[in-house]
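This report concerns only the one structure given below.
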Amino acid sequence: MSTIVGIDLGTTNSLVAYIKGDRPEIIPNEQGKRLTPSVVALDKTGKLHVGETAKNQLIAMPERTIAEVKRLMGTSRKIRIADREYTPQEVSGFILRKLKDDAERTLGHKIEEAVITVPAYFTDAQRQATKDAGELAGFKVERILNEPTAAALAYGLDHLDKEQYILVYDLGGGTFDVSVLEMFEGVLDVKASAGNNALGGSDFDRRIVDFLVKQFERDHGIDLSRDIRAMARMKGAAEQAKHEISTLDTTSILLPFLATAGAGPLSLECEFSREQFELLVDDLIRSTLEPIEKALHDAKLAPEQIHEVVLVGGSSRIPLVQRILVEKFGKEPKRGVNPDEAIALGAAVQAGIKAGAGSFGSKGGEDARGIMITDVCPYTLGVEVVATSGFQKMSGMFSAIIQRNSTIPVSRTETYSTTADGQSHVDIKVYQGESRLVKNNTFIDQYTIDGIPQGGAGSERINVTFTYDVNGILQVRTKVLSTGKEATLTIERSAERMSEAERKVARDRVEKEWTLRLPPPSAPMAPMSATGSGPGAGAAEGGVKAIVASAERRAKELTGEPRAKLEDLILQLKRAVARGEAMDIVRLDEELTNFLFELG
Ligand SMILES: Nc1ncnc2c1ncn2[C@@H]1O[C@H](COP(=O)(O)OP(=O)(O)OP(=O)(O)O)[C@@H](O)[C@H]1O
Ligand SMILES: [Mg+2]
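Written out as structure tokens, the structure reads:
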């Protein structure tokens, strides 16, 4: 039997799930964790690390580590890690390759197919790039599924008997989505989606880091914004503080030895309160209200008509988020579904539907209806046209072909005419967006139809057909009515898309680097050293050993409290190494290094 897995490929964390019996279940990674950090790193020996071990290296070796690659998907940006260059698809491919490996190890057989989720508001290029990444990892990508839709599936599974309108609010690490759905008799009908592809928890982290940088500059006159290691440490501390103040009123941020000045090492130490945080991010969090209003408007619903607000994404844990939703909807949002896991679980449900798992989703005998879902195209799609008004011709106008929030799959045709005398070709420029002017919309792709019989302006007519499939991927067909000549624009040909040959090369590269990585599958997790010996098992232990040895030598020269403190740190570090706890090793190694430095 073949299993199709469901994957949430997140900005910060990724998860993989499958259907066990008739319930979706998260598959833990090699380290036994349910969330795998979406981080890729190369260690000093050039070996690849993905997930937890890569994230541990982020602070020690930021230039060898890449996080948040999802924000670059669909662009032609190259990513430098150490001395190598990758495309965003390849980096995402490594993350997916790891999830595949973890799933295969847990389930004990090969996995070839996957449903991968993307933000509902992802553009065509971003979806294509995600699909490519899946293929680079060796998956057949069964389906690209919208994240809030996946979350609704996971929620819907437990509420099959309800008839209600729900709003999914998904605020993750890098993206925000909102979807409004109608649920009845096991059918989930997406009415509207809206969002912001560039808003999430990492923007909140950045605001905190900016605040810390300013504070440090005010206190010490040193600008840390170009110090990549200090910035990485501040980002780590910012995220941790942000998490803490979701439950506490205040916390403290302490970063020893962040910079050096004439007088010696300088530390950053401050109290950080929830109130301060809310002032820093108030505008960002309140900006999520606008997509909510847009989605409600398109779904033709008032806030009072929403029965349930379902929270998804790690950032939905922020109390201010919950407060603005209570203000807006007059009721507490739902915390029933685990906000970190809902999307992957829903993707597995979709995979289960795809695999045709019979009475899947039903609760047994009397309720064998299962679950079904429809989705929408979240933005308007159209082409650039020249509009005539009186004697004036206005170019750069946008003509909509598929209206936003049409139920998908959808196919629509519009007819256009030539605009100039003797015109023999027409440029079809495809855009998405809501503006009447193409310059305010997002360009998708273009191509030229030629061989049009020349005649007077307006004498030739051309049908343009847009087909938007369930994966959210667009196909454009044209037909010159007088000659019957047809053409198909496959967005696959667009600049950011790789050719079949390039894909094959990239696929081999992902597989090769994955297989060559350290540690080998059976070895325990490699502890790492923040002193820069690299996370390869041997190298790291070597690095830690060296620092321990020099600390032991130094301790012998000391007396009193400094000696006691040094010996305590040495002992703690040795214990962490013995337990193989990479996070502790990195932290203690750093503490020890800093302390040695302070001692001079
Ligand atoms: N308790 C918490 N309080 C505040 N923020 C939190 C908390 N827990 C997690 N987060 C934030 O949630 C974000 C990660 O959420 P999640 O895993 O849902 O995102 P993602 O799926 O990786 O990103 P995206 O869906 O945008 O691609 C991070 O920015 C993290 O700091
Ligand atoms: Mg997410």
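Quick note: to get my numbering, add 380 to the position in the sequence shown (first position is 1). Using N, Cα and C, we set each Cβ at its ideal position, and we do this for glycine too.
I need the DSSP call for residue i, collapsed to helix, strand or coil.
i	result
S605	coil
R523	strand
F556	strand
V548	strand
L700	helix
Q772	strand
R959	helix
S902	For S902, the predicted structure reports a pLDDT of 43, less than 50, and the residue's modelled location is therefore unreliable. The matter cannot be settled from this model.
M908	Low per-residue confidence applies at M908: pLDDT is 38, beneath 50, and the placement is therefore not dependable enough to give any value.
I751	coil
G566	coil
M614	helix
K714	strand
L367	This structure leaves residue 367 out entirely; the chain is present only between 381 and 980.
A722	helix
P833	coil
A682	coil
Y535	helix
R784	coil
G732	helix
K743	At K743 the pLDDT is 45, less than 50, meaning the model places this residue with poor confidence and gives no usable figure here.
G914	A caution first: G914 carries a pLDDT of 35, below 50, which makes its placement in the model too unreliable to give a value.
L938	coil
Mind checking which residues open and close the beta strand (DSSP E) that includes residue i?
i	result
E670	Careful: E670 lies outside any beta strand (DSSP E), inside the alpha helix (DSSP H) at 669 to 679.
T858	854 to 860
I588	Taken as a continuous stretch (DSSP letters only), I588 belongs to no beta strand (DSSP E), being part of the alpha helix (DSSP H) at 581 to 600.
S400	The identity of residue 400 in the sequence shown is Lys, whereas the question assumes Ser. Where K400 is concerned, the enclosing beta strand (DSSP E) stretches over 393 to 400.
E405	403 to 406
V689	688 to 692
G386	384 to 389
S791	790 to 797
By alpha-carbon positions, which one of the options ends up nearest to residue i?
i	options	result
Y466	R883, D948, G431	R883
F519	I384, S647, D663	I384
R457	I491, K413, A505	A505
H687	K711, S667, A886	K711
F556	G390, D948, L681	G390
K450	A767, K511, P789, Q595	K511
S839	F846, I698, A800	A800
P833	R841, Q826, Y827	R841
V498	D402, Q595, M614, L395	L395
F709	A643, Y545, V729	Y545
G552	V567, A534, E527	E527
E947	V850, I665, R933, V957	R933
I704	Y535, D662, E624, V810	D662
I588	G580, K615, A513	K615
L976	S791, T455, G852, K936	K936
E655	I633, S626, I672	S626
Any heavy atom of ligand 2 inside 7 Å of the beta-carbon of residue i?
i	result
E941	no
D388	yes
I496	no
E619	no
I723	yes
Compute every distance between the C-beta of residue i and the non-hydrogen atoms of ligand 1, then say whether any falls below 7 Å.
i	result
S695	yes
G726	no
T391	yes
S653	no
I698	yes
E527	yes
G554	yes
K450	yes
G514	no
D538	no
K413	no
G454	no
K400	no
D964	no
G852	no
K435	no
G575	no
What residue range is occupied by the uninterrupted alpha helix (DSSP H) comprising residue i?
i	result
G1034	Summary: the structure shown does not reach residue 1034, with the chain confined to residues 381 through 980, and so no result is reported for it.
D888	880 to 895
D663	654 to 666
Suppose only complete runs of 3+ residues qualify. What are the beta strand (DSSP E) ranges in the stretch 805 to 831, listed by chain order? 806 to 812, 822 to 829
What ranges does the beta strand (DSSP E) occupy inside the stretch 418 to 464, keeping only unbroken runs of at least 3 residues that lie completely in it? 419 to 422, 428 to 430, 445 to 447, 459 to 461
Quick check on the DSSP output: what are the complete beta strand (DSSP E) runs of length 3 or more inside the stretch 486 to 521, in order along the chain? 493 to 498
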